[in-house]
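Counting from 1, position 125 in the sequence shown corresponds to residue 168 in the numbering used here; the numbering is continuous, with no gaps. Input: a single structure, listed below in structure tokens.
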Amino acid sequence: MELNEYNQKAINDIYKNAHIALQSISDLIPSVEDDDIKNELREEYEGYEKIIGKISTFMAEKGIEPKDINPFKKAMMWSSIKMKTLFNSSKNQVAEMMINGTVMGINELTAMKNEGTNLDEGVLELLEELLALEEKYEQELKKYL
């Protein structure tokens with residue numbers, strides 16, 4: 044069964060949300076010196092990889108081509124991370140950056156869920172799984188503030 048345009052956009056937005064988190068962690072890890080938060084970031088990276096795998100499988104089954112993050116947005120994220128960690132890569136700074144990004148993701152997913160009265164069951168399940176994962180990560184990161 045093919046998804047309608049609304050659900051195709053929703054699943055692509057969910058994919059991008061997780062992919063942005065993965066990209067941010069990937070950009071951030073080389074600047075992190077504290078082993079505790081570095082390990083936290085690695086665990087989060089693995090969690091995002093797993094959910095992206097599930098989302099990608101779902102999309103493939105529905106014949107949907109994932110839309111990657113805009114290269115300009117990737118470059119802006121990378122430069123922002125590098126600037127913010129240039130003089131301060133403390134675990135507090137890293138946690139604050141990650142929490143801010145995670146909260147943005149949570150807000151986007153929550154808005155999508157609240158607006159999505161016609162979301163496909165599979166799309167809704169993946170949205171809720173990613174939302175729960177990001178809420179968990181937000182709580183875990185607060186330990187480093």
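All C-beta atoms, glycine included, are put in the ideal place defined by N, C-alpha and C.
Check	Outcome
Considering just the uninterrupted stretch of the alpha helix (DSSP H) at F115, what are its terminal residues?	114-129
Below 8 Å, how does it come out for the region 88-99 and the region 145-164: are there three or more Cβ pairs, yes or no?	no
For a quick check, are the C-beta atoms of Y235 and I68 less than 7 Å apart?	As displayed, the chain neither begins before 44 nor continues past 188, which places residue 235 out of reach and without an answer.
Taking the alpha-carbon positions, what's the I98 to F130 distance?	36 Å
Does the pairing of the region 146-153 with the region 110-125 give three or more beta-carbon distances under 8 Å?	no
On the three-state DSSP scale, how would you describe K97?	helix
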